[in-house]
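Input: a single structure, listed below in structure tokens.
There are 2 protein chains.
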Amino acid sequence: MSDRRTQIMEAAVRVIAEDGVRGLRVEKLAAAAEVSTALIYYHFKDRAGILRAALEHINHRAQTYTDVPATNPRTRLEQMLLRELQDTPEVRQNSIAWGELRATAAFHPDLRDSLRTTTETWNSDIAALIREAQTAGTVADSVDPTATAERLTALVEGLSERWHSGTLALPRARQLLTGAIELELTSP
Amino acid sequence: MSDRRTQIMEAAVRVIAEDGVRGLRVEKLAAAAEVSTALIYYHFKDRAGILRAALEHINHRAQTYTDVPATNPRTRLEQMLLRELQDTPEVRQNSIAWGELRATAAFHPDLRDSLRTTTETWNSDIAALIREAQTAGTVADSVDPTATAERLTALVEGLSERWHSGTLALPRARQLLTGAIELELTSP
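Chains H and G supply the protein sequences, listed in that same order.
Per my numbering, residue 23 is the first one in the first sequence, and the count goes up by one each step.
Per my numbering, residue 23 is the first one in the second sequence, and the count goes up by one each step.
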């Protein structure tokens with residue numbers, strides 16, 4: 023991705039996290055990214071193009087902060103999921119913007135293909151780690167990697183949204199997620 | 023609740039489910055509810071008052087469609103959760119509107135108290151059923167009713183939002199939820 027494109031996407035995630043998708047006007051994004059509106063149209067064609075690219079960018083950012091140099095796949099798995107529930111500006115921004123784009127997709131079908139692709143990527147990354155942990159002998163073979171990955175990522179989304187909407191304190195969210203991971207991975 | 027108040031709230035849930043919170047202008051709500059804007063202001067004071075009342079109304083509606091005349095508490099519990107994932111116009115509308123209000127609360131702190139109260143009510147209803155099932159001997163005593171209730175309701179929200187955003191098919195969402203209930207309630 024070109025530097026300018028990255029610069030625009032970083033600003034888009036910030037603007038969405040601050041004001042929601044409804045707050046994302048192209049003029050405002052241009053000001054936040056310190057580029058011209060023409061450059062934004064050149065890279066993303068229209069507002070829908072910006073939103074779709076923002077979903078991919080959020081996914082890409084998440085890979086950087088959830089990547090764990092851990093020794094064993096089960097620890098990596100736990101850390102990858104728990105790192106989505108961290109009170110750092112980057113994670114908070116990413117997570118609020120992701121939730122907002124997901125909620126918006128209920129009303130904007132043109133966002134759904136990108137949302138489906140990014141969600142499936144996340145699910146398969148988690149499922150792959152579960153399989154690795156099974157090979158390493160730290161997760162029981164009876165665990166269904168695909169279903170477990172889908173449930174754990176959907177739970178992360180549910181807990182994140184409660185966190186951002188002020189319904190659930192972050193330490194409790196992390197505690198609940200830790201409990202779910204334990205239950206899912208040690209099933210008989 | 024007066025008939026007119028109910029009539030306005032039914033229209034509010036419908037409008038939010040169709041166009042999102044951003045689509046809810048008081049003039050539009052008045053037209054949808056077939057009442058005057060003055061009557062809306064009389065009952066709800068302002069737009070924030072409408073949104074707060076809508077959250078309570080959604081919770082109230084959910085109680086009617088999730089109520090199960092079941093024989094034993096464990097079956098009631100399972101049915102209460104699974105009935106949030108049904109493709110009927112009422113459930114779909116309620117669930118989309120609830121998700122939209124929850125997402126909006128990330129940007130509108132004045133919605134948070136109502137959201138917290140309605141979420142806590144839901145969590146305690148589920149926790150109470152888990153305790154009943156424990157008394158009846160159909161759920162292990164080692165299960166933590168509060169944490170389990172919080173996780174299962176957060177998962178319902180996460181799965182619902184994937185359903186509405188076109189990321190997850192409804193039958194799969196129900197299957198994943200059934201698996202989670204099984205895991206949570208039969209833990210050692």
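Quick reminder that beta carbons are idealized off the backbone N, C-alpha and C, glycines included.
Worksheet item: Cα separation between T170 of chain H and E206 of chain H?
Response: 7 Å
Discussion item. Can you pull the chain G neighbours of D41 of chain H, defined as C-beta to C-beta under 8 Å?
Written reply: F129
Discussion item. Does L46 of chain G come out as helix, strand or coil in the three-state DSSP assignment?
Written reply: coil
Discussion item. Could you tell me the alpha carbon to alpha carbon distance between R114 of chain G and A84 of chain G, rounded to whole angstroms?
Written reply: 11 Å
Item to complete: Could you name the residues of chain G that I118 of chain H contacts, counting a contact when the two beta carbons are closer than 9 Å?
Response: A128 and F129
Fill in: Proximity of L177 of chain H and G180 of chain G at Cβ, strictly below 8 Å
yes
Item to complete: Give a yes or no on whether the C-beta atoms belonging to V43 of chain G and E112 of chain G are separated by under 8 Å.
Response: no
Worksheet item: When you check each C-beta in the stretch 182-199 of chain G against every C-beta of chain H, which residues fall closer than 7 Å?
Response: E183, R184, H186, S187, G188, T189 and L198
Practice prompt. Excluding the 5 residues preceding and the 5 following T140 of chain G in the sequence, name in chain order all residues of the same chain whose CB lies nearer than 8 Å to its CB.
Written response: L77, E78, I80 and N81
Discussion item. Quick check on the DSSP output: the alpha helix (DSSP H) that includes L190 of chain G runs from which residue to which?
Written reply: No alpha helix (DSSP H) contains L190 of chain G, which DSSP labels as neither H nor E.
Item to complete: Would you mind stating whether R96 of chain H and A155 of chain H have Cβ atoms separated by less than 8 Å?
Response: yes
Discussion item. Pop quiz: R124 of chain H and L137 of chain H are said to be a contact at Cβ under 8 Å. What is the actual Cβ separation, rounded to whole angstroms?
Written reply: 6 Å
Discussion item. Can you tell me whether S146 of chain G is buried or exposed? The criterion is at least 16 other CB atoms within 10 Å of its CB, across all chains shown.
Written reply: exposed
Discussion item. Buried or exposed for N116 of chain H, going by 16 or more other Cβ atoms inside 10 Å?
Written reply: buried
Practice prompt. Check whether the Cβ atoms of A70 of chain H and T59 of chain H lie closer than 8 Å to each other.
Written response: no
Worksheet entry | Entirely enclosed alpha helix (DSSP H) segments - the stretch 37-116 of chain H, minimum 4 residues | 48-55, 59-66, 69-88 and 95-104
Worksheet item: If we count the other Cβ atoms within 10 Å of its Cβ and call it buried at 16 or more, is S187 of chain H buried or exposed?
Response: buried
Worksheet item: Nearest to E56 of chain G by CA position, among G:I38, G:Q101, G:A34 and G:R98, is which residue?
Response: G:A34
Practice prompt. Give the interface partners of L177 of chain H over in chain G, defined as CB-CB distance under 7 Å, in chain order.
Written response: R173, A176, L177 and G180
Discussion item. By the three-class DSSP mapping on this structure, what secondary structure does S24 of chain G have?
Written reply: coil
Worksheet item: Taking C-alpha atoms, which residue in G:Q197, G:Y64 and G:M31 lies nearest to D166 of chain H?
Response: G:Q197
Worksheet entry | Same chain, Cβ closer than 7 Å to L174 of chain H, five either side skipped, listed in chain order | L103, I148, A202, I203 and E206
Practice prompt. Kindly say whether E112 of chain G, judged by its beta-carbon, lies nearer than 8 Å to any beta-carbon of chain H.
Written response: no
Fill in: Spatial distance of V90 of chain G from T168 of chain G (CA atoms)
21 Å
Fill in: alpha helix (DSSP H) segments (min. 4 residues) lying fully within the stretch 121-162 of chain H
134-158
Worksheet entry | Distance, L61 of chain H Cα to R26 of chain H Cα | 9 Å
Practice prompt. Excluding the 5 residues preceding and the 5 following Q14 of chain H in the sequence, name in chain order all residues of the same chain whose CB lies nearer than 6 Å to its CB.
Written response: Beyond the ends of chain H as shown, which are 23 and 210, falls residue 14 of chain H; an answer cannot be given.
Practice prompt. Could you list the residues in the stretch 51-85 of chain H with a C-beta less than 7 Å from some C-beta on chain G, going in chain order?
Written response: none
Item to complete: Starting from the beta carbon of R217 of chain G, find every residue of chain H whose beta carbon is closer than 7 Å, and list them in chain order.
Response: No answer is possible for residue 217 of chain G: it lies beyond the span of chain G, which begins at 23 and ends at 210.
Worksheet entry | T165 of chain H in three-state terms, based on DSSP | Checking the sequence shown, residue 165 of chain H turns out to be Val, not Thr. Residue state, collapsed to three classes: coil.
Worksheet item: With a cut-off of 8 Å, does the C-beta of A158 of chain H fall near any C-beta of chain G?
Response: no
Worksheet item: Under 8 Å between C-beta atoms, does R44 of chain G make it to chain H?
Response: yes
Item to complete: Name, please, each residue of chain H whose Cβ falls closer than 7 Å to the Cβ of E206 of chain G.
Response: L205
Fill in: Under 7 Å (Cβ pairs) to chain H, residues found in the stretch 135-156 of chain G
L137, R138 and T141
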